[in-house]
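Trainee:
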Amino acid sequence: MDYPAVQILGIVGWLVLIFGGMLCDAALLLYLRRPLRGVHRRFRAIAHRQVKGRHLLMVTGLFLGAHAVLSTLIPTGDMGWQVIVNTLSFHWIVLLFVTAYCGVRRVPWESLFGPTSGAAYVAGLLAYLAAVPVVLMHSALVNSLLRLAGITPTMQPVVELLSKHPAPTTFIYLVLVGCVIAPAAEEIYFRGMLLPVLMREMTPLGGVIVSSLIFAVAHMHATSAPALFVIALACSAVYISTGSLVAAFTTHAVFNIVNMLLAILFLAQ
-6 MDYPAVQILG IVGWLVLIFG GMLCDAALLL YLRRPLRGVH RRFRAIAHRQ VKGRHLLMVT
54 GLFLGAHAVL STLIPTGDMG WQVIVNTLSF HWIVLLFVTA YCGVRRVPWE SLFGPTSGAA
114 YVAGLLAYLA AVPVVLMHSA LVNSLLRLAG ITPTMQPVVE LLSKHPAPTT FIYLVLVGCV
174 IAPAAEEIYF RGMLLPVLMR EMTPLGGVIV SSLIFAVAHM HATSAPALFV IALACSAVYI
234 STGSLVAAFT THAVFNIVNM LLAILFLAQ
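The opening residue of the sequence shown carries number -6 in this note's numbering; numbering runs sequentially from there.
1) Residues in the same chain with beta-carbon distance under 8 angstroms from D(-5), minus the five sequence neighbours each way, listed in chain order, please.
2) Thinking C-alpha only, which one of R47, P176, F83 and I39 is nearest H60?
3) Which residues bound the alpha helix (DSSP H) around E153?
4) Report the CB separation of L154 from V100 in whole angstroms; it is logged as a contact under 8 angstroms.
5) Please report how far the alpha carbon of T263 lies from the alpha carbon of L139, in whole angstroms.
6) Are any of the Cβ atoms in chain C nearer than 8 angstroms to that of L134?
7) Tell me the rounded alpha-carbon separation between L191 and T53.
8) If you follow the alpha helix (DSSP H) that W102 is part of, which residue opens it and which one closes it?
9) Using CA atoms only, rank isn't needed, just tell me which of R42, L167, H33 and V223 is closest to L81.
10) So, at 8 angstroms on beta carbons, what are the nonlocal neighbours of V203 in its own chain, with the 5 sequence-adjacent residues on each side left out?
11) So what does DSSP say about P176, is it helix, strand or coil?
12) Out of V87, W74, R34 and F36, which one is the CA nearest neighbour of M51?
13) Which of helix, strand or coil does DSSP assign to G185?
14) Rounded to whole angstroms, what's the CA-CA distance from T243 to C172? Just pull it up for me.
15) Could you round the C-beta distance between L221 and V201 to whole angstroms and report it? I think they count as a contact, below 8 angstroms.
16) Short of 6 angstroms in beta carbon distance, which residues of its chain neighbour P108, apart from the five on each side in sequence? Order them along the chain.
17) In three-state DSSP terms, what is T92?
18) Pull up the distance between the alpha-carbon of S229 and that of E180, whole angstroms please.
19) Is L119 buried or exposed, if buried means 16 or more other CB atoms sit within 10 Å of its CB?
20) Just reading off the alpha helix (DSSP H) that P126 is part of, what are its end residues?
What follows is the structure, encoded as structure tokens:
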């Protein structure tokens, strides 16, 4: 059977990621011979960040209100407008809120979300590679169970919209949101704000699990929920271990970039 070059490129890409992730896992196991050393100190550092429950409630109320208002203005059943409404009412609201809060209160980013050094980006990339094998195995298992239950896996709304060959401006907006805006806003909300609050209200491990479940469920897409849950755990782990939200953002951004590239390659066949 002859395979298109694009399909071969996609398969090779996945194999590189899988083996790269396995090597990264092995290296981390050798390096972190005592992975739980200092874990309580790291938990406390995240739980005692300056983010308060009222901040979480404020930004949640803002994006729910914005979503309710904008939803009344979009054409019914128009997926493109629905994606735009979701990004405007959540991602942009979160980014604007944090920017305004830091500016008005003169609160430095580092006091809320940790350092922004280059090492954080490297840690985020390593966390993504380490999570790849687990993401693939977990997703394959759950998708098989869904098929056995008679549920057909579906594409995410953004990927489905890309499959309809949108206008160049829409395409650029989707790529920008998927690769930069969404990872930044979602990490600020779910790891930077929700996680510390939950860690204070319950056990630290419980906070990690619950915030990751909420992250997966919030995307409202059953097929991708397993992968989202695993990558959320990876983002939480790298945030706690480094103390830097930039590391979690990098993990999330690389995850989205790779998935979007693979989706574009698949749709180009």
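Ideal Cβ positions, reconstructed from N, Cα and C, are used throughout, including at glycine.
Mentor: In short, the structure shows the following:
1) Along the sequence shown, one-based indexing puts residue -5 at 2. At D(-5), the pLDDT of 48 sits below 50, so the modelled position is not reliable and the matter cannot be decided from this model.
2) As a working note, residue 60 is residue 67 in the sequence shown. Nearest Cα to H60 within the set R47, P176, F83 and I39: F83.
3) On the sequence shown, position 160 is the one that residue 153 refers to. In the DSSP assignment, E153 falls within the unbroken alpha helix (DSSP H) covering P150 to S156.
4) In the sequence shown, counting from the first residue as 1, residue 154 sits at position 161. In the sequence shown, counting from the first residue as 1, residue 100 sits at position 107. Rounded, the Cβ-Cβ distance is 37 angstroms, inconsistent with contact.
5) Lying outside -6 to 262, the shown extent of the chain, residue 263 is not represented and no answer is given.
6) The chain inventory of the structure shown lacks chain C, comprising one protein chain alone.
7) One-based indexing of the sequence shown puts residue 191 at position 198. One-based indexing of the sequence shown puts residue 53 at position 60. For L191 and T53, the distance between alpha carbons rounds to 15 angstroms.
8) By one-based count along the sequence shown, residue 102 stands at place 109. Element bounds for W102: W102 to F106.
9) The sequence position of residue 81 within the sequence shown is 88, counting from 1. Taking only the C-alpha atoms, the option nearest L81 is L167.
10) Mapped onto the sequence shown, residue 203 falls at position 210. Counting only Cβ-Cβ distances below 8 angstroms, and skipping sequence neighbours, we find L191 and M195.
11) Sequence index remark: in the sequence shown, residue 176 carries index 183 (1-based). Note: P176 maps to helix in three-state DSSP.
12) Counted from its first residue, the sequence shown places residue 51 at position 58. For the options V87, W74, R34 and F36, the alpha carbon positioned closest to that of M51 is the one of V87.
13) Along the sequence shown, one-based indexing puts residue 185 at 192. Note: G185 maps to helix in three-state DSSP.
14) Indexing the sequence shown from 1 puts residue 243 at position 250. Indexing the sequence shown from 1 puts residue 172 at position 179. Roughly 10 angstroms between the two C-alpha positions.
15) Here residue 221 refers to the residue found at position 228 of the sequence shown. Here residue 201 refers to the residue found at position 208 of the sequence shown. With a contact defined as Cβ atoms closer than 8 angstroms, L221 and V201 miss out at about 14 angstroms.
16) What you label residue 108 is simply residue 115 of the sequence shown in a count that begins at 1. So the list reads S237, once near-sequence residues are dropped.
17) Residue numbering aside, residue 92 sits at position 99 when the sequence shown is read from its first letter. Residue state for T92 is assigned as helix, using DSSP reduced to three classes.
18) The residue given as residue 229 occupies position 236 in the sequence shown. The residue given as residue 180 occupies position 187 in the sequence shown. Rounded to the nearest whole angstrom, the CA to CA distance from S229 to E180 is 9 angstroms.
19) Against the sequence shown, residue 119 aligns to sequence position 126. Its Cβ being crowded by 16 or more others within 10 Å, L119 is buried.
20) Here residue 126 is taken as the residue at index 133 of the sequence shown, counted from 1. Residues G111 to L141.
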